[in-house]
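Every position in the sequence shown, counted from 1, becomes a number in the numbering used here once 250 is added. C-beta atoms are modelled at their ideal positions from N, C-alpha and C, and glycine is treated no differently. One structure below.
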Amino acid sequence: MSTGKENRATVRSASPPAPSDAQSQKRPRQNSPESASVTSHVRAPVHTSENSARQSATSRFFKTPELVLTLFSFMTLEKVDLINFTSVSTYLRDLALPLLVRSMSVPLSHADQVCDFFEDNSDLIEHVRHIRVYDDEVHQYYLFDNYEAPLDRPNLDEYEQLSDLNRLLTLLEERGTVPLPLFDFSLGHGGIKELYTMLQNRLSIQERVAAVRVISDFEPLYHRGYSTQDSYRPLIVEVWDDLHKLLMSICDTQDHANSTALRVFHYVDCMLYGAHLQAVLPSIKLELFEKLASRLQDFAIAMSNPDEGLDRLLSPDWPELQRFQLSAASTNFGENPQPRDDVQRIINSFLRRSSQLNDSQIHLAWKFCPLSDIPKLKKCYISVDGIEAAAATQFMQRHQKLDDLRWYVSSWDANAITANFQPPPSLRVLRSSPKIVKACLQAGVRLSHVQLATSGNWYLLGLPECVHLNETPADSITCLEVDIVLDHLDVVISKIKKLFPRDVLPNLVELVLCTRMGHREAEMETRKESAQILQRLLKELDRSVSPKLRALRVQHGGANYLPTNRKLATIVKTFPRTLEYLSWNPSRLNNTQYYRVLRPLTFQGKAMKISTSASQSNTDVKLKAGEEADNVDAEDRTHGEEEMGGEEGNDEEEQAEEEDEEETDDEDEGMDEENADEEEETDGEEEETGDEDEDEDEDEATRKSVRLQSLPPSFRLKVDQETGVWDQPAEVNESYTLFDHTGNEPRLKAL
């Protein structure tokens, strides 16, 4: 799904920069400078005592490449400021561009633009160190949490996009700098065979593959000739045959080259239904997992009927494995308990032999609690009922390093479980029911991150009672995630003060608010309506929630995309005083928009006016590859995403943005008047309630100049600089938060 190329601005470097990685070596190339520094191609200014005396400190700073690079290194997270510097001068552009392309996440729908960019700026491809290639359409339509699949999934045609990937791989293979970048591939079923064909004769790329992630995009609607389990099986067998060839080739090539690059393999199916899953285990050849077992650190797989071949999968020793996720959709055991007992025995034996395992997520179709001791375990999923409560308690007592627990239980089992509940004191993250959360806090555990189990209505969340014990504030909790199925966001907004009172949650830094109502309605909101409901939410949060709130994620069933930055600024004008980041996810579109909150700079206590013309959205500066999306995530599509140095939204989204721009000025004026009235009303309410804090005397002009600016989704993704593995959890909703709350202070995950 490529966009047109006629409107792209061309960016050319003044001269070819050399790689910044000291470990990289350059193949001999005619007319290619031998250098190891990004600054080598930048002509440093000549300083004399006479002109230095006349130069300001700022001028001297920006004329010193090493100092500028140090400054730029702090901008690589959000990227937009770094991109803006590329338009200031050729000198600054030559310093900024290598940093922008060092770690790249490339959506297949824009691989052609990335190729165009590198063909016009061939020197920059030498600076790429990590590259993630993902099928953004597969991510959007088939990677989601287990409650609401996106609507109207199309029949995806991947051929054209995969041909663009072949072109990109050729450019990377032919570059001068070695070793090549580390590769992280995330594709659907249809991309596996094509990827194998592309890599078959590219051994230098196979040596550098760090991760292979497969997302099941099997949609029976587009396979009308297949209606039974027996007819599905050949399709899945073919997929696993292609996977076998691809992974065996990568492992053999890396063995021959003494490479240990491959560390991650995921086979994820978010649907977890359908007969096609029953063909997964029988399709796996033992020799493949004997190869993978010696090298993988992160392994996730989804299947059905785990009694059919699970022993073949888990029988090898996995000495390096640190993360393991097994999702089994269903079983056909009937009343015979023996197959289930056999599965549990196989899993417990596997866990006992996995000495390096620290993260275990085993989702079976029945209640399951590991019985094995796992010495390094820090993160775990447990599913037990009241009868097995004692086993769960004993398991936690044996694992005192456990700091992240996912434990979903029914309300009638919770009473039996909490009667003798003794959670480990190390626990910091708890994903469970209100009763389990309350029991943990009563036991003296200092929880910092709480994810409450999905609730039907807001009043079933158990807030604030489950965190408000003996009238004592829950001051350890810095992150709260809630998910409500049957209430519209407007209903929840009216209950914000009751659910998240600042006197009960005084240190709340991050809030994730998911409401499902509206997902299946015939018509979704307009962009303007979505922006207006966001304004109402932010206004209520400003009045009622912790003054320390820094990050907010809103996942709203009936939502549309938010409008362009310019339009958004005319509607959304009230923000919590310390809010830094906003994530907006229309769940029926399964596509996340990311924003930062821009506030005026202050100098000696006075606000410095920000020029509107100089502070347009990050789309004002675009590299030829479509450096940044206007404000829509081309991937995640809840979860994964990215860019060349940014990414773009899909064609429908871009068209909608253009339509947004064509709205009349009368509508803008009407929105301005409406929001002005709302702000006056808000001020009056704040004076009446007396909820002012020490920031209440903030200058009104300063408050009104605060606005949202779109960010590339890649800002939230972290790549391990050593391994080249991108942080893309197999559990989708673990990507909803921006901060890590397990340390002494909340810290951005991407740092």
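Assuming aspartate 567 and alanine 550 make a contact with CB atoms under 8 Å, what is their CB distance in whole Å? Contact flag wrong, Cβ pair sits at about 19 Å.
Let's see if you can read the secondary structure: which residues bound the alpha helix (DSSP H) around isoleucine 624? Counting along the chain, isoleucine 624 falls outside any alpha helix (DSSP H), and DSSP gives it neither H nor E.
Where the alpha helix (DSSP H) through alanine 578 begins and ends: Segment 573-578 is the beta strand (DSSP E) holding alanine 578; no alpha helix (DSSP H) there.
Just mark aspartate 725 as buried or exposed, buried being the case when its beta carbon has 16 or more other beta carbons within 10 Å. exposed
Roughly how many whole angstroms lie between the Cα atoms of isoleucine 597 and glutamine 611? 12 Å
From the DSSP output, read off the bridge partner residues of glycine 768. None, per the DSSP bridge assignment.
For chain D, check one thing: does any of its Cβ atoms lie closer than 8 Å to the Cβ of threonine 420? You won't find chain D in this structure, because it holds only one protein chain.
Just to confirm, is the Cβ distance from leucine 1004 to leucine 791 under 8 Å? Coverage of the chain is limited to positions 251 through 1001, which leaves residue 1004 absent and any answer about it impossible.
DSSP three-state call for aspartate 414: helix, strand or coil? helix
Under the rule that 16 or more other beta-carbon atoms within 10 Å means buried, what is histidine 506, buried or exposed? exposed
Return the first residue and the last residue of the beta strand (DSSP E) that asparagine 835 is part of. 831-836
Could you pull the DSSP bridge partners for glutamate 699 from this structure? This sequence places histidine at residue 699; glutamate is not what is there. DSSP lists Val679, Cys729 as partners of histidine 699.
Looking at the structure shown, is phenylalanine 335 part of a helix, part of a strand, or coil, going by DSSP? helix
So, at 8 Å on beta carbons, what are the nonlocal neighbours of glutamine 672 in its own chain, with the 5 sequence-adjacent residues on each side left out? Thr643, Met646, Gln647, Ala693
Distance check for proline 797 and threonine 1023, CA to CA, integer angstroms please. Residue 1023 is absent from the structure shown; the chain starts at 251 and stops at 1001.
Give me the Cα-Cα distance between leucine 358 and serine 413, rounded to the nearest whole angstrom. 10 Å
Coarse secondary structure for alanine 724, derived from DSSP in three states: coil
Taking the alpha carbon of arginine 382 as the reference point, which residue from Asp370, Leu419, Ser837 has its own alpha carbon closest? Leu419
If you scan the region 598-674 from start to end, which runs of the alpha helix (DSSP H) of 4 or more residues do you find wholly inside it? 639-647, 661-668
Taking proline 357 as part of the beta strand (DSSP E), name the residues at either end of that continuous run. 353-357
To which residues of the same chain is arginine 562 closer than 7 Å at the C-beta, ignoring the five residues directly before and after it? Ile534, Leu536
Among Asp740, Val695, Ile442, nearest to tyrosine 517 - alpha-carbon criterion: Ile442
With a threshold of 16 other CB atoms inside 10 Å of the CB of lysine 748, please say whether the residue is buried or exposed. exposed
For serine 436, the residue or residues it bridges with in DSSP: Tyr384, Arg463
Taking 8 Å as the limit between beta carbons, can you name the residues of its chain near isoleucine 231, skipping five residues before and five after? This structure gives no information on residue 231, because the portion of the chain shown stretches from 251 to 1001.
Reducing DSSP to helix, strand and coil, say where aspartate 990 ends up. strand
Label tyrosine 844 either buried or exposed according to how many other C-beta atoms from any shown protein chain fall within 10 Å of its C-beta, with 16 as the threshold for buried. buried
Simplified DSSP state of alanine 781, which is helix, strand or coil: helix
Contacting residues, own chain, Cβ-Cβ under 7 Å from cysteine 690 (five flanking each side not counted): Pro673, Leu677, Leu680, Leu697
By Cβ distance below 6 Å, which residues in the same chain neighbour leucine 614 in space, the five residues on each side in sequence not counted? Ala578
CA nearest to the CA of asparagine 670, picked from Asp331, Arg656, Ala641: Ala641
Can you tell which of Val759, Asp492, Glu457, Ile624 has the C-alpha that lies nearest to the C-alpha of threonine 510? Glu457
Bridge-paired residues (DSSP) for glutamate 760: Cys729, Ala801
Are three or more beta carbon pairs between the region 308-320 and the region 362-375 nearer than 8 Å? no
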